[in-house]
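J.:
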Amino acid sequence: MIDILADSPDDEALIVEAVGRDARVVSGSLALANGDGDVECRILGCREPIPLVRIELLRKMERNTPSVPVILVTDRAAEVARQLSGVKVAAIVWFADLRNQLTPAITAARQSVPLLRLAEQAEEAELPPALRSGLAYSYRAASQRPVRNVKELAAAVSCSPTTLSKEFRERAGGAANLSQFLSALSVVKAHQLRLSGLSWDAVANRMEVSRQTLHNRSARWPGGTLKQLARIRQAPLLKKFFADFAQPLLIPSQPPLLTPSSADGLSLLDRVYRFQSSLARQNPPDSGVSATHRPRKQGRR
2 MIDILADSPD DEALIVEAVG RDARVVSGSL ALANGDGDVE CRILGCREPI PLVRIELLRK
62 MERNTPSVPV ILVTDRAAEV ARQLSGVKVA AIVWFADLRN QLTPAITAAR QSVPLLRLAE
122 QAEEAELPPA LRSGLAYSYR AASQRPVRNV KELAAAVSCS PTTLSKEFRE RAGGAANLSQ
182 FLSALSVVKA HQLRLSGLSW DAVANRMEVS RQTLHNRSAR WPGGTLKQLA RIRQAPLLKK
242 FFADFAQPLL IPSQPPLLTP SSADGLSLLD RVYRFQSSLA RQNPPDSGVS ATHRPRKQGR
302 R
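Counting from 2, one number per residue, gives the positions in the sequence shown under this note's numbering.
(1) Please report the Cβ distance between residue 165 and residue 140, rounded to the nearest whole angstrom; I am assuming they are in contact, meaning their Cβ atoms lie under 8 Å.
(2) If the criterion is Cβ atoms closer than 8 Å, does the pair residue 109 and residue 92 meet it?
(3) If you draw a straight line from the alpha carbon of residue 75 to that of residue 159, how long is it in whole angstroms?
(4) Thinking C-alpha only, which one of 228, 183, 217 is nearest residue 245?
(5) Between residue 103 and residue 19, is the Cβ-Cβ spacing less than 8 Å?
(6) Can you pull the DSSP bridge partners for residue 3?
(7) So residue 95 is in the beta strand (DSSP E); what residue range does that whole segment cover?
(8) DSSP on residue 114, reduced to helix/strand/coil?
(9) For residue 181, count neighbouring C-beta atoms within 10 Å of its own C-beta (all shown protein chains included) and say buried if the count is 16 or more, exposed if not.
(10) Along the chain, which unbroken stretches of the alpha helix (DSSP H) at least 4 residues long are found entirely within the stretch 172-246?
(11) Tell me, please, which residues DSSP counts as bridged to residue 71.
(12) Within 10 angstroms of its Cβ, does residue 163 collect 16 or more other Cβ (buried), or is it exposed?
(13) Answer with buried or exposed for residue 205, where buried requires no fewer than 16 other C-beta atoms within 10 angstroms of its C-beta.
(14) Would you tell me roughly how many angstroms separate the C-alpha atoms of residue 17 and residue 69, rounded to the nearest one?
(15) Whose CA, out of 228, 130, 14, lies closest to the CA of residue 195?
(16) Beta-carbon within less than 8 Å of residue 10's beta-carbon, same chain only, minus the 5 sequence neighbours each way: which residues are those?
(17) I'd like to check one pair, residue 223 with residue 238: are the Cβ atoms closer than 8 Å?
(18) Give the C-beta separation of residue 143 and residue 190 to the nearest angstrom, bearing in mind that I take them to be a contact with Cβ-Cβ under 8 Å.
(19) Which residue from 113, 97, 101 puts its Cα closest to that of residue 90?
(20) Taking the alpha carbon of residue 123 as the point to measure from, which residue in 172, 87, 106, 150 has its own alpha carbon closest?
(21) Rounded to whole angstroms, what's the CA-CA distance from residue 25 to residue 2? Just pull it up for me.
(22) Using the Cβ count rule (16 or more neighbours within 10 Å means buried), how would you classify residue 33?
(23) Say whether chain B places a C-beta atom closer than 8 Å to the C-beta of residue 155.
(24) Between which two residues does the alpha helix (DSSP H) harbouring residue 81 extend?
(25) Taking the alpha carbon of residue 151 as the point to measure from, which residue in 187, 82, 107 has its own alpha carbon closest?
(26) Would you check if the distance between the CB atom of residue 56 and the CB atom of residue 88 is smaller than 8 Å?
(27) So residue 169 and residue 132 are in contact, right, with Cβ under 8 Å, and what is the actual spacing, rounded?
(28) Tell me whether residue 13 sits in a helix, a strand or coil according to DSSP, three-state version.
(29) Among 65, 6, 115, which has the Cα closest to the Cα of residue 235?
(30) Where does the unbroken alpha helix (DSSP H) through residue 54 begin, and where does it stop?
(31) Hey, out of 167, 149, 243, whose CA is closest to residue 210's CA?
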């Protein structure tokens with residue numbers, strides 16, 4: 002779904018008409034900012050001059066839910082660039098070009114923006130240098146062709162694979178390793194390509210891996226076959242990746258599921274619970290998507 006908030010009923014109607022059947026009008030800024038459930042993109046429509054409260058809303062959405070892209074629809078005016086200084090959005094579409102430009106902007110935002118936003122967050126985070134470079138590179142690469150393994154990533158950022166894996170493991174607190182992270186990230190990209198209309202064979206060819214490799218990775222995370230993976234909407238899968246892998250790496254030295262994730266006071270545990278509930282409603286019991294990611298513990302044989 003695409004959530005829409007506009008400052009007037011007329012502007013709201015224009016945006017809804019341009020979006021089509023995926024449009025969903027929300028009641029206020031809080032509903033738009035949360036980006037809960039099956040939201041794949043958010044659109045904020047406001048006329049120039051852009052009110053300060055709307056600029057603050059854009060900043061809040063970028064800070065709290067970077068995995069859900071935001072498109073701003075406004076008037077073509079020279080002042081817009083100055084007003085949006087320091088504010089990041091997926092795209093800006095002018096009201097005058099709404100019919101021709103909004104659909105391509107939504108398509109581009111759905112496919113690449115969440116990963117690029119995560120790359121920017123990694124670059125700004127207080128991380129060990131090698132890990133910071135590795136995470137940012139892996140996110141940016143995944144917008145085109147994901148890194149295939151730890152060795153390839155280490156070579157790309159001129160770092161030892163051992164150092165990179167060690168820094169990742171320590172930062173994640175043992176919850177996951179770098180290979181699991183890269184595998185899950187490749188599943189996210191494969192899922193995006195499949196939703197774009199490609200067959201699984203074409204997806205595998207584009208990513209330069211075998212179809213069996215994709216199947217094995219999907220079975221490990223989020224769990225299930227490729228057929229089951231294709232049934233999942235993009236937003237829940239991105240949210241699960243963010244909760245299982247991205248967010249814990251951005252929170253230093255704290256149990257990730259007990260850490261407040263934003264100024265609204267909701268813990269990440271609360272958010273994951275909400276995500277679990279929405280995922281359960283969207284996917285049947287046989288969908289293969291588990292509520293949380295629990296890497297297998299190696300027992301003694």
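Glycine included, C-beta positions come from ideal geometry on N, C-alpha and C.
T.: Quick look at the numbers:
(1) So it is not a contact: roughly 15 Å between Cβ atoms.
(2) yes
(3) 43 Å
(4) 183
(5) Going by C-beta atoms, residue 103 is nearer than 8 Å to residue 19.
(6) 24, 42
(7) 92-95
(8) DSSP places residue 114 in helix when its eight states are reduced to three.
(9) buried
(10) Runs found: 179-196, 201-208, 212-221, 227-231, 235-242.
(11) Beta-bridge partners assigned by DSSP to residue 71: 43.
(12) exposed
(13) Residue 205 is classed as buried because its beta carbon has at least 16 other beta carbons within 10 Å across all chains shown.
(14) 18 Å
(15) With distances taken between CA atoms, residue 195 lies nearest to 228 out of 228, 130, 14.
(16) none
(17) yes
(18) 5 Å
(19) 113
(20) 172
(21) 7 Å
(22) Around the beta carbon of residue 33, a 10 Å sphere encloses 16 or more other beta carbons of the protein chains shown; the residue is thus reported as buried.
(23) Among the protein chains of the structure shown there is no chain B, as only one such chain exists.
(24) 80-84
(25) 187
(26) yes
(27) 6 Å
(28) helix
(29) Of 65, 6, 115, the residue nearest in Cα terms is 115.
(30) In this chain, the alpha helix (DSSP H) harbouring residue 54 covers 53-65.
(31) 149
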